[in-house]
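One structure is given here, and the rest of the page talks about it.
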Amino acid sequence: MHRFTANPPPMPPPPPGSAPYPPHDGPPPQPYPYPPPPHDARRPNSPYINGMPMPGPDGAPPPPPPPAAAQATETSTSGRPSRKRKLQSPNPEQAQTEQQQQQQQQQQLPPPPPPPPHYHGPYYPHPPPLDSQGNPVPPPMPPPPGPPPTDGQPPPGSSPTSGGRQLSTSKRAEQNRKAQRAFRERRDAHVKALEQRSQLLDAALASADEANRRWEECRALVDQLRVENAALRAALNAAHVQGGGAPPPPPPQGGPIPQEQSQQQKHENGQPSRDGSVEPDDDS
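In case it helps, my numbering puts the sequence shown at residues -7 to 276.
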């Protein structure tokens, strides 16, 4: 911010090659005072600038304030007289008497009845309020309960939030029922599959037992045939030894002699055939 001085600096000379400043036809300019700043435009004749007194044109001290301003300054400095009215102090005896009467009235009043367990009335940390006659004001009674809601109809005081909550609860219950039904169906299907598999395993076990029984029977029969075959061989060998002939060759281990081989042996030995004719040997 530019600070005003008593003697402003002289104007600089015009630059070279330019026209001189135009001459001033009016009275010579006064070095001071300057016009007031914009924010003091409402008080153009004020001897103060920004709340500070202005010095004189020759640097003299500022003039003293006018008497009206001095009086206003003294009034503002000394302080305005208080406009509050002084309250008249009451008589102490009268105030004490009124206080005793109020205490007696409070002691004579019966205590308020306790609220019911299902209703929580307003709690008064002080004695209950009194009416114009000095009697205690009874607490407000709770509203009577409405009729019970019927099935399928919401109560009249229910809000849309409670209705939406009931709807979401019913949807959740329906989803739970569907999930339980699907779980029961899957469980029954799994139990049926296990029962069928158990039946198949029982049938396979029974067939395996039957096969084992037959195998045991066949094994016993094979053992019996082996014993009989050994006995027959021993008897045949004994008969050949008693007859003086050469013992017949032992049969192969694979089983009994086939029919073609027996016929070939008979043909080589010259034994009669079944029709009674004797077949000659090839060498004779």
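Note that CB positions come from ideal geometry on N, CA and C, so glycine has one too. Predicted model, so just to flag it, every value in this text is computed and none were measured.
ask   = Secondary structure at leucine 101, three-state DSSP: helix, strand or coil?
value = Here residue 101 is taken as the residue at index 109 of the sequence shown, counted from 1. Looking at leucine 101 - three-state DSSP - the assignment turns out to be coil, as it is neither helix nor strand.
task = Mind reading off the beta-carbon distance from proline 128 to leucine 159? Whole number of angstroms is fine, and I expect it under 8 Å.
result = Within the sequence shown, numbered from 1, the residue matching residue 128 stands at position 136. Within the sequence shown, numbered from 1, the residue matching residue 159 stands at position 167. In fact, because the Cβ distance is near 48 Å, the residues do not count as touching under 8 Å.
query = Can you tell me whether DSSP reads glutamine 95 as helix, strand or coil?
reply = Numbered from its first residue, the sequence shown carries residue 95 at position 103. Helix.
task = Would you mind giving the Cβ-Cβ distance between glycine 126 and glutamine 97, rounded to the nearest angstrom? I have them listed as a contact below 8 Å.
result = By 1-based counting over the sequence shown, the position of residue 126 is 134. By 1-based counting over the sequence shown, the position of residue 97 is 105. About 6 Å separates the two Cβ atoms, so the contact holds.
query = If you draw a straight line from the alpha carbon of asparagine 229 to that of leucine 197, how long is it in whole angstroms?
reply = Translated into positions along the sequence shown, residue 229 becomes position 237. Translated into positions along the sequence shown, residue 197 becomes position 205. Distance between the alpha carbons of asparagine 229 and leucine 197: 48 Å.
query = How many angstroms separate the CA atom of glutamine 172 from the CA atom of glutamate 209?
reply = Here residue 172 refers to the residue found at position 180 when the sequence shown is read from its first residue. Here residue 209 refers to the residue found at position 217 when the sequence shown is read from its first residue. So the alpha carbons of these two residues sit roughly 55 Å apart.
Residue(s) in a DSSP beta bridge with leucine 122 = Here the question's residue 122 lines up with position 130 in the sequence shown. The partner list for leucine 122 (beta bridge, DSSP) reads Pro128.
key: Straight-line gap, glutamate 122 to glutamine 99 (C-alpha atoms, nearest Å)   = Against the sequence shown, residue 122 aligns to sequence position 130. Against the sequence shown, residue 99 aligns to sequence position 107. Correcting the residue type first, residue 122 is leucine in the shown sequence and not glutamate. When rounded, the distance between both Cα atoms is 14 Å.
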